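Worksheet: the structure to be examined is printed underneath.
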Amino acid sequence: MNIENIEAFVYVVHFNSFNKAADALFLTQPSISSRIQTLEKELGVKLLVRERKQFSLTEKGEMFLPHAQQTLKSYRRATQLLAGKATKVEMLRLGCTETISHYIIPLIMPKLKARFPDYQFRIITDNSESIIDKVLNKEVDLGFVRSISHPALESIRFLEDPIKLCVYKGHPFSQKSEVSIESLESESIVFYECGSLNWTKVHRLFEKFNEPPKIDYHIDNMETAKKLMLQRQGIGFMPLQCIRQEIEDGLLIPVAVPMLSELSLVTNLIMLKGGASFVYETIMDIIKEVKLIEPFYQ
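For the sequence shown, the UniProt record's numbering gives the first residue as 1, with consecutive numbering after it.
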């Protein structure tokens with residue numbers, strides 16, 4: 001059974017589009033269709049049913065899909081590992097933002113090391129723009145950055161971390177499950193600025209207040225912002241993953257603000273197209289095991 005035919009099938013289902021699958025594999029749409037037809041002949045079953053510009057998986061297609069995905073993943077992992085052994089490349093370089101370095105890397109690295117015991121890992125911390133440049137220049141193999149679209153990069157959503165109003169233990173809001181945006185008027189705010197559009201949205205809402213919140217601290221370091229809140233210097237908006245331990249210890253309490261319910265800090269995992277896909281896929285598997293955002297945060 002030809003691995004390229006399996007790859008075409010997996011990509012079409014992944015992108016839900018023959019055109020997008022063709023673009024990703026640098027093929028024409030007829031070539032993609034031909035590969036899937038050949039695969040169906042080899043298997044003796046129909047995998048996809050096409051209707052106009054749409055398609056659906058047949059019952060046999062749904063049964064075959066997880067096996068096809070696993071076969072493709074195993075093949076890529078084996079070829080990459082063999083290439084690594086042949087060229088004695090045993091260093092995997094990961095670029096990440098400070099937030100990911102502090103709160104996510106320590107959770108996933110033990111599992112990643114267990115999967116690749118012969119590899120050494122180099123963690124490089126920088127801002128998203130620099131990490132993207134480092135991936136493009138082959139200075140790092142994989143990067144954890146904010147959402148991005150670039151023709152030379154594979155990019156997949158790695159983590160969507162809800163941003164909530166966080167208050168210290170004993171604050172009047174700590175007994176409430178949610179508060180209105182208007183209730184923040186006159187509150188002392190510790191404002192953690194990470195430069196994303198989500199934070200800009202919070203700023204703009206504040207500007208509409210008759211009596212805007214008192215922003216006593218503008219902080220570009222998450223740990224500093226967190227410690228100021230723990231010292232009752234104010235309340236502020238924080239990504240939940242970054243205050244996970246403080247929530248578990250009852251020191252900080254997340255409170256919903258309905259008008260800001262869609263705020264989140266989005267992190268994507270990126271690599272050069274054709275890069276270390278075996279590690280890329282393994283990290284995505286690991287992140288499902290780790291369960292970064294726990295139900296009690298909701």
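Cβ atoms here follow ideal geometry from the backbone N, Cα and C, with glycine treated the same way. In this text, all values refer to a predicted model and were calculated from it rather than measured experimentally.
Leaving out five residues on either side along the sequence, give the residues of the same chain with a beta carbon under 8 Å from the beta carbon of residue i.
i: THR282; result: ARG77, LEU112, ARG115 and PHE116
i: SER186; result: GLU211, PRO213 and LYS214
i: HIS14; result: ALA21
i: LYS169; result: GLY250, LEU251, LEU252 and ILE253
Could you tell me if residue i is buried or exposed, where buried requires 16 or more neighbouring beta carbons within 10 angstroms of its beta carbon?
i: ALA152; result: exposed
i: LYS88; result: With a pLDDT of 49 at LYS88, under the threshold of 50, the modelled position of that residue is not reliable, and no figure is offered here.
i: SER128; result: buried
i: ASP285; result: exposed
i: VAL190; result: buried
i: GLN49; result: Reading the sequence as shown, one finds Val at residue 49 and not Gln. So VAL49 ends up on the exposed side.
i: ASP161; result: buried
Looking at the structure shown, is residue i part of a helix, part of a strand, or coil, going by DSSP?
i: GLU51; result: strand
i: VAL202; result: helix
i: GLU262; result: coil
i: LEU165; result: strand
i: PHE9; result: helix
i: GLU40; result: helix
i: GLN69; result: helix
i: MET109; result: helix
i: GLN231; result: coil
i: VAL257; result: coil
i: GLY250; result: coil
i: PHE209; result: coil
i: GLU178; result: strand
i: GLU193; result: coil
i: residue 301; result: Because the chain spans 1 through 298 in this model, residue 301 falls outside it and cannot be assessed.
Please name the residue or residues paired with residue i in a DSSP beta bridge.
i: TYR280; result: None; TYR280 has no bridge partner.
i: MET271; result: GLU154
i: PHE144; result: CYS96 and LEU269
i: SER188; result: LYS214
i: LEU57; result: LEU48
Once you ignore the five residues that flank residue i on each side, which residues in its own chain have a CB closer than 7 Å to its CB?
i: SER147; result: VAL266 and ASN268
i: PHE9; result: ILE36, LEU39, LEU47 and ALA68
If you drop the 5 nearest sequence neighbours on each side, which residues of the same chain put their C-beta closer than 6 Å to that of residue i?
i: ALA86; result: Confidence at ALA86 is low in this model, with a pLDDT of 48, below 50, so its placement is unreliable and the value that follows should be read with caution. Excluding positions up to five away in sequence, the list is empty.
Between residue i and chain D, is there a C-beta pair that is closer than 8 Å?
i: LYS201; result: Considering every chain present, this structure includes no chain D. It has just one protein chain.
For the region 22-32 against the region 51-66, do three or more pairs of beta-carbon atoms, one drawn from each stretch, fall closer than 8 Å, so that the two count as touching? Too few Cβ pairs lie closer than 8 Å, so no.
Touching by the beta-carbon criterion (3+ pairs, under 8 Å), the region 135-146 and the region 246-260: The region 135-146 vs the region 246-260: no contact.
Is the region 158-166 touching the region 234-251, taking contact as three or more C-beta pairs under 8 Å? In short, these stretches touch, since the Cβ pair count reaches three.
Could you check whether the region 153-161 touches the region 177-185, counting it as contact only if at least three pairs of C-beta atoms, one from each stretch, sit closer than 8 Å? At 8 Å Cβ cutoff, the stretches do not touch.
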